[in-house]
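The structure appears right after this line, and notes come after that.
Protein chains in written order, with our numbering: chain A, 231 to 572; chain B, 231 to 572.
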């Protein structure tokens, strides 16, 4: 170990990755996009590219098996992987799983997990194309790799947003985060209860968004139907603030988004009120929504509106103007990226 | 959780994967090879295919940070990923890392890991093309995805071995396993010593094979120079017995290998003797050698010999004859696959 010790928390995830990967310039002509996007882009020849994305979900950090049904976890693992492919405006073809399981798992438990995987694969049109299972002494580890394919000219990178582009968002935000908080609350409340009966009435949508989120393949298909190639795109896994700032950083631009245009579901608002918290915080910093954030030229507003299920929440500004949330009273709040999700 | 409980140990890794993935027939025309080989094979058009392999290395199972230098671990992670691509007779192009790190890691420690990654990437001609870092409460988790490329007709699957083919092996076997045992022994012996000075004299090669194994890109290049496409190939990660049985299962064949032809390094034999164990056990069941096992038609014997560094250790037999090790006194020992490495 070297003598100097810099804490990871001093840098945060994004600066850390920048520092660690600074010396890694791509040397192969087939590497169309290296570090710094949702997926690696590899030239496949003939005007096409293959996209490869990889994620790891760790017990105790990304999921809690005391309330996360394994079938849902299998489904969500596929969503997490495929969402990165969709975020490049590409369609998924294959997924691979690399699992670490402890001996406390039964074969039947793993079968439940794979049932969820199979269900998601069918919905998304992706084949399970490999993977391995090894022993783990440190909880359930789910490694997921997703492979997709697209014409080179239709790939949406994080780096293409232009000044005055519209910032668009699918679905609604903050629901997964509130779903997680509901599950955590019931776990706390019922910790010492012999036969726990958690109270989820009225918040089923939030649980679904957290436990079994759908990857937005429909949006990538709609974009193709309308002939739209977003100038930039990212999936909302870390929260709107962090993910928008990734676009700003890669595209060398600023952004202004409007608080009253951020789509938030009724259940999200209701539970936030019940828990005395602000639903906008959930939307901005919650993450795990697996919705898509993308930018399009101003001229495409009509086409985007025709897609349905898409909201324009702001626009791209010049570099170095920063990323701001504009409140209804007209004040500007500077957005901050979150570090590690913990 | 369902009522019936089958222990994972009842099935073993390979039967477990078969059972879990039984219902996953590929539905996309681009999926040339799904579950059951070293890497997924995705049609890239124009007679080419991309190969994607994924692996996870877990602290406490796959490595012990008390004696595994992080720089070597980074190097080995690349070897583990790229070796799966080479095992399909393809060359690596990109790798991606997905890390789970605890807060006990410093930025400098991660930089050491990435230094090893960079070194291996340069040696193997692979670009680092993405990845992420997340928090872990359960030890260091290294997810590695490797991407390669090959002409479709030159890909070597596990399933193509034919009766009478020669079984070939690169390098020597069992060294990594003995290196691990040496490290474990010194850890035990020096557990309560204030300033430990481990004794590794004379066994440096074994440590190198365990801590810093090289992926055999040179062999894939030599095969191409000689115009050889192996009828089947696999990398030796689980041990000769397990890996040969994978070839037999996929190719629906049997095998006979000869004990006195298995290449074992002098240091491997010396340490095995010192530890009162059989070096052949290390070679058969040790694993982590990251050498290549492949089969070629009998007519290619001369070409294979010309490559150098390759030994013919036996031949492929008819289906259902089983896989056997023939000892110098002529007796046959039936090979058994190992389960989880623990």
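Don't be surprised by glycine CBs; every beta carbon is placed ideally from N, CA and C. Keep in mind that this is a model prediction, so the values were computed, not measured.
Option nearest residue i by Cα separation, candidates the options
i	options	result
residue 438 of chain A	A:238, A:385, A:406	A:406
residue 412 of chain A	A:394, A:310, A:564, A:428	A:428
residue 454 of chain B	B:534, B:424, B:500, B:420	B:534
residue 259 of chain B	B:249, B:273, B:494, B:475	B:273
residue 350 of chain B	B:400, B:388, B:393, B:306	B:306
residue 396 of chain A	A:527, A:499, A:551	A:527
residue 464 of chain A	A:283, A:356, A:347	A:283
residue 313 of chain B	B:361, B:518, B:507	B:518
residue 378 of chain B	B:364, B:354, B:254, B:471	B:354
residue 425 of chain B	B:538, B:431, B:417	B:417
residue 327 of chain B	B:516, B:308, B:345	B:308
residue 549 of chain B	B:415, B:390, B:286	B:390
residue 498 of chain B	B:488, B:484, B:299, B:516	B:516
residue 552 of chain B	B:505, B:352, B:504, B:393	B:393
residue 472 of chain B	B:235, B:346, B:566	B:566
residue 171 of chain A	A:555, A:298, A:310	The requested residue 171 of chain A is not part of the displayed model; chain A covers only 231 to 572.
residue 545 of chain A	A:483, A:310, A:304, A:251	A:483
residue 286 of chain B	B:265, B:300, B:310, B:275	B:310
residue 493 of chain A	A:543, A:532, A:468, A:257	A:543
residue 344 of chain B	A:446, A:495, A:235, A:249	A:249
residue 245 of chain A	A:257, A:256, A:255, A:265	A:265
residue 256 of chain B	A:293, A:281, A:352, A:256	A:352
residue 364 of chain B	A:364, A:541, A:468, A:554	A:468
CB contact flag (residue i, residue j, <8 Å)
i	j	result
residue 366 of chain B	residue 315 of chain A	no
residue 253 of chain B	residue 360 of chain A	no
residue 491 of chain B	residue 547 of chain B	no
residue 403 of chain B	residue 470 of chain B	yes
residue 557 of chain B	residue 489 of chain B	yes
residue 346 of chain A	residue 304 of chain A	yes
residue 324 of chain B	residue 251 of chain A	no
residue 530 of chain A	residue 458 of chain A	yes
residue 300 of chain A	residue 240 of chain A	no
residue 275 of chain B	residue 275 of chain A	yes
residue 508 of chain A	residue 502 of chain A	yes
residue 434 of chain A	residue 537 of chain A	no
Other residues of its chain near residue i: CB distance less than 7 Å, five sequence neighbours each side excluded
i	result
residue 295 of chain A	289, 370
residue 570 of chain B	Low local confidence applies: a pLDDT of 43 at residue 570 of chain B is under 50, so the model's placement there is unreliable, and no value is given.
residue 385 of chain A	271, 279, 318, 319, 320
residue 340 of chain A	331
residue 179 of chain B	Nothing about residue 179 of chain B can be reported from this structure: the residues present for chain B run from 231 to 572 only.
residue 362 of chain A	328
residue 444 of chain B	309
residue 293 of chain A	287, 303
Cβ neighbours of residue i in the same chain (closer than 6 Å, five flanking residues each side left out)
i	result
residue 572 of chain B	Confidence at residue 572 of chain B is low in this model, with a pLDDT of 32, below 50, so the placement of that residue should be treated as unreliable; the coordinate-derived value is given next. Closer than 6 Å at the Cβ level, and outside the excluded window around residue 572 of chain B, lies no residue.
residue 237 of chain B	none
residue 382 of chain A	277, 279
residue 524 of chain B	398, 460, 463
residue 441 of chain A	302
residue 375 of chain A	284, 326
residue 409 of chain A	436, 437, 439, 440
residue 521 of chain B	400, 401, 466
residue 247 of chain A	none
Beta-carbon contacts of residue i that lie in its chain and below 8 Å, excluding the five residues immediately before and after
i	result
residue 235 of chain A	none
residue 380 of chain A	278, 279, 281, 318, 319, 320, 321
residue 231 of chain A	Bear in mind that the predicted position of residue 231 of chain A carries a pLDDT of just 48, short of 50, making it unreliable; the figure below should be weighed with that in mind. So no residue of the chain qualifies.
Cβ pair count under 8 Å reaching 3, the region 414-430 of chain B against the region 506-519 of chain B: no
Are the region 463-481 of chain A and the region 323-337 of chain A touching by the rule of at least three beta carbon pairs closer than 8 Å? no
Pairs of beta-carbons, one from the region 443-451 of chain B and one from the region 558-566 of chain A, closer than 8 Å: are there three or more? no
Can you give me, in chain order, the residues of the region 302-319 of chain A that have a beta carbon less than 8 Å from any beta carbon in chain B? Of all residues in the region 302-319 of chain A, none places a beta-carbon less than 8 Å from a beta-carbon of chain B.
Contacting positions in the region 357-377 of chain A - beta carbon closer than 8 Å to chain B: Taking 8 Å as the Cβ-Cβ cut-off against chain B, the residues of the region 357-377 of chain A that qualify are 357, 358, 359, 360, 361, 362, 363, 364, 365, 366, 367, 368, 369, 371, 373, 375, 377.
Taking Cβ-Cβ distances below 8 Å as the criterion, which residues of the region 288-299 of chain A are in contact with chain B? So the close ones are 288, 289, 290, 291, 292.
Would you list, in chain order, the members of the region 275-289 of chain B that have their beta-carbon closer than 8 Å to a beta-carbon of chain A? 275, 276, 278, 280, 282, 283, 284, 285, 286, 288, 289
Using a Cβ cut-off of 8 Å, which residues of the region 466-493 of chain B contact any Cβ in chain A, in chain order? none
So if I threshold CB-CB distances at 9 Å, which residues from the region 239-261 of chain A count as touching chain B? 239, 240, 241, 243, 246, 247, 249, 250, 251, 253, 254, 255, 256, 257, 258, 260, 261
Quick one, which residues of the region 383-403 of chain A are near chain B if we go by CB-CB under 7 Å, in chain order? The region 383-403 of chain A vs chain B, Cβ under 7 Å: nothing.
Got a sec: which bits of the region 432-451 of chain B sit with their beta carbon under 8 Å from any beta carbon on chain A, in order along the chain? none
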